[in-house]
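For reference, the structure discussed in these notes is given below.
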Amino acid sequence: MLSIERKEYLEKKARVIRKDIIEMIYNAQSGHPGGSYSLADVMAVLYFHDLNVDPKNPKGLNRDRVVLSKGHAAPVWYATLAEAGFFPKEELSHLRQINSLLQGHPCINIPGVDITTGSLGLGLSASCGIAIGAKMTGRDNVRVYAIIGDGEQGEGQIWEAAMAAAHFKLDNLTAILDRNWYQNDGPTETSLKLEPLHDKWESFGWNVIDIDGHNLNQIDSAFCMARETKNKPTMIIANTVKGKGTSYMLDQPGLHYTPPTKEQMELTLKELGF
Amino acid sequence: MRWNYRDALGEAFAVIGEEFKDLAVVTADVSKSTRSIKFKERYPERFFSVGIAEANAVGISAGISTFGGPVIFTAYSVFATEKPFEQIRNMLCYPKLNVKIVATHGGINVGEDGVTHQAIEDVAIMRAIPNMKVVVVADPGEVLAALRAVVKMPGPVFLRLARAETEVLHEDANLVNFEIGKAEVMREGTDVTLIGMGMMVWESIKAAKLLEKEGISARVINIRTVKPIDVEEIVKAANETGCIVTAEDHNCYGGLGSAVAEVLAKHAPVPMEQVALMDTFAESGECDLLLEKYGLTDKKIVERALLAIQRKK
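Chains as they are written, first to last, in this note's numbering: chain A, 1 to 274; chain B, 275 to 587.
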């Protein structure tokens, strides 16, 4: 259970992350706002409460690792990394611009990014590899967090990795499934039926925890439970809302790629309390 | 003396596992046929068989490599390069991760297993990816030296081996000086240069001997590295012999012939002829009969060499 002060601190971080996302996508006039907003609370708890990383030493050998397998949500990761101090906030205003650090999808030149992503389905495999590498090199305290999308579950490689993680007993691996129910073409269950996701992951040998992905206490306690789980990887199914934290995105269910207008950005900033 | 590429690879795995203490090997249910089982027997804590899941194997290799040591992903070339092509592009080559694709079963010399198992586009597609290097060993005798050079080279490298038993051209593996980016001149000559890749180096040497009987002096080059290719040696050969024949167990597009043609067109335009699969799949069959039927032989190289020489004037 988070203390009241801690919870307020993390709520504030999530608000700042959401502010930075809307501003950077407005600036770039391209990017993925909906799937970034659904992850803002998870990212706030992960980076400002649970993760063992040092922004001043981003390549430290015993750090925890994060892989954003749903790489199109790069804005939420960039906003979080900048807020945590991995690189100057100034960089956010150059998102997706030529000669800039922040590529449209995450690449390893960016401080805090260990695995290049953007092609869906690949990140969970790489996360398994990192978890295997941590065990192989005797770094028992290193934890790997793989953030995957729900639409991404359609990729066969996800299930190859699901089998491998259980087979190799990767209890140092925690996956977070951003269950926002929408993908590019519309509702996930219309594009390709995914449910029952909980049962699927459980049958693949994972420890599965369902949470409200916007409830900071639930997010933190899921991370704690994952750390205590031995001999199997943990899947946290974070039930989220695409565009959570805005009214304009909520009015357009499943908003995936469209950048905001100036009015929509200003309205959002007001709603967020800025 | 004849030997098998894969047995040579098995011995090489055992040796380099000792030389590179942080090397890990990943495979996809082919540890016996790639002989990576020799690595598993000695270094089980650094060996990972991930089942029949090549895309995942590439991702796992990428992840392990982030701890700093080199990683080898080994499988048949069709499944090691063509099935997970996009994973290799986006997960290995774009971020320049230190993962090596060591592929057996390159070319139609695979034989009886047929078209699905005969990689004839692998060199072309690996060559097309930025940051990827492409190395092809000529014979079992240079497998150890090639593997050592590949593991030492930072970043992604594709190493292609054939399957068939073939003539050993490098008898003492410890004397082989294998440098990535450098071709090896196997035989001097003045009238034509035969540039071979993989098994076709031996066919080129045999072709040179046949040409010698006709009074024609043929130079033979073992290309070794298709990317980066040895521009200097190719240009020298073009200038000194006036025409070139390339020979590869691979489709005619995008492989050795294309790579050499790119060099000649820019630096030394001379007549060039190609021995390769002429944009066709092969079929099942005994290796020697397949090579004969699809024109990957010393006789075919001789025929093309005579044509190239004729075109010189």
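Cβ atoms here follow ideal geometry from the backbone N, Cα and C, with glycine treated the same way.
| Item | Value |
| --- | --- |
| Looking at the unbroken beta strand (DSSP E) that takes in B:Gly-472, where does it start and where does it end? | Unbroken run through B:Gly-472: none, as it is neither H nor E. |
| Given 6 Å as the limit, tell me if A:Lys-89 has its C-beta closer than that to any heavy atom belonging to the ligand NAP. | Ligands in the displayed structure: none, and consequently the ligand NAP is not present. |
| Could you give the uninterrupted runs of the alpha helix (DSSP H) lying entirely in the segment 291-364 of chain B, keeping only those of 4 residues or more? | 311-316 and 328-339 |
| Assuming B:Phe-432 is part of the alpha helix (DSSP H), what are its boundary residues? | Premise fails: B:Phe-432 lies in the beta strand (DSSP E), 431-434, not in any alpha helix (DSSP H). |
| Of the choices A:Arg-143, A:Ala-175 and A:Asn-180, whose alpha-carbon is the least far from that of A:Asp-150? | A:Asn-180 |
| Going by C-alpha distance, which of B:Glu-293, B:Leu-551, B:Glu-441 and B:Leu-435 is nearest B:Val-379? | Here the sequence assigns His to residue 379 of chain B, which means Val is not the residue at that position. The option with the nearest alpha carbon to B:His-379 is B:Leu-435. |
| Grouping DSSP H, G and I as helix and E and B as strand, with all else coil, what is A:Asn-62? | coil |
| Name the two residues that bound the continuous beta strand (DSSP E) containing B:Glu-439. | 439-441 |
| Less than 7 Å between C-beta atoms, sequence neighbours within five positions excluded: which residues of the same chain meet that for A:Asp-220? | Leu-2, Val-45, His-49 and Asp-50 |
| How far does the alpha helix (DSSP H) with A:Tyr-37 in it reach, from first residue to last? | 34-37 |
| List the residues of chain B whose Cβ lies closer than 8 Å to the Cβ of A:Glu-23, in chain order. | Under the 8 Å cutoff, chain B gives no residues; its nearest Cβ is about 28 Å from A:Glu-23. |
| With H, G and I counted as helix, E and B as strand and the rest as coil, what does DSSP make of B:Lys-374? | strand |
| Report the option in B:Asp-572, B:Ala-327 and B:Ala-481 whose CA atom is closest to the CA atom of B:Lys-357. | B:Ala-327 |
| Contact between the segment 73-89 of chain A and the segment 21-41 of chain A: three or more CB pairs below 8 Å? | yes |
| Let's see if you can read the secondary structure: which residues bound the alpha helix (DSSP H) around B:Arg-461? | Where B:Arg-461 is concerned, there is no enclosing alpha helix (DSSP H), although the beta strand (DSSP E) it sits in stretches over 458-461. |
| Spell out the partners DSSP gives A:Trp-181 in its beta bridges. | DSSP lists no partner for A:Trp-181. |
| Output yes if chain B places a C-beta closer than 7 Å to the C-beta of A:Glu-152; else output no. | no |
| Counting only beta-carbon separations shorter than 7 Å, does A:Asp-114 have a partner in chain B? | yes |
| Decide yes or no for the touch test of the segment 434-448 of chain B against the segment 409-420 of chain B: beta carbon pairs closer than 8 Å, at least 3 of them. | yes |
| Taking contact to mean 3 or more Cβ pairs, one atom from each stretch, closer than 8 Å, check whether the segment 335-343 of chain B and the segment 159-166 of chain A are in contact. | no |
| How many Å lie between B:Pro-428 and B:Leu-366 at the Cα? | 12 Å |
| Output the distance between the C-alpha atoms of B:Asp-465 and B:Gly-489, rounded to the nearest integer angstrom. | 10 Å |
| Assign A:Tyr-257 to one of two classes, buried (16 or more other C-beta atoms within 10 Å of its C-beta) or exposed (fewer than that). | exposed |
| Taking the beta carbon of B:Ser-478 as the centre, do at least 16 other beta carbons fall within 10 Å, making it buried, or is it exposed? | buried |
| Opposite A:Asp-187 in the DSSP bridges: which residues? | First, the amino acid is wrong: residue 187 of chain A is Pro here, not Asp. A:Tyr-182, per the DSSP bridge assignment. |
| Name the chain B residues that come within less than 8 Å of A:Gly-118, Cβ to Cβ? | Asn-364 |
| Between which two residues does the alpha helix (DSSP H) carrying A:Lys-12 extend? | 4-28 |
| Along chain A, in chain order, which residues have C-beta atoms closer than 8 Å to that of B:Tyr-368? | Cys-107 and Thr-116 |
| If you run the structure through DSSP and keep just helix, strand and coil, what is B:Ala-542? | coil |
| For B:Arg-422, which of helix, strand or coil comes out of DSSP? | helix |
| Thinking just about the alpha-carbon of each residue, which of B:Ala-533, B:Asp-387, B:Asp-281 and B:Gly-455 is nearest to the one in B:Val-397? | B:Ala-533 |
| What separation, rounded to the nearest whole angstrom, lies between the Cα atoms of B:Ala-240 and A:Pro-111? | In the structure displayed, chain B extends from 275 to 587; residue 240 of chain B sits before or after that span and is not available. |
| Give the DSSP-derived three-state secondary structure of A:His-49 in the structure shown. | helix |
| Can you tell me where the beta strand (DSSP E) with A:Ala-238 in it begins and where it stops? | 234-239 |
| So, at 8 Å on beta carbons, what are the nonlocal neighbours of A:Asp-178 in its own chain, with the 5 sequence-adjacent residues on each side left out? | Gly-35, Ser-38, Leu-39, Val-42, Lys-70, Ala-73, Ile-147, Ile-148, Gly-149, Asp-150, Gly-213, Ala-238 and Thr-240 |
| Can you find the residues in the same chain that come closer than 8 Å, C-beta to C-beta, to A:Ala-28, ignoring five residues on each side of it along the sequence? | Leu-95, Arg-96, Gln-97 and Pro-259 |
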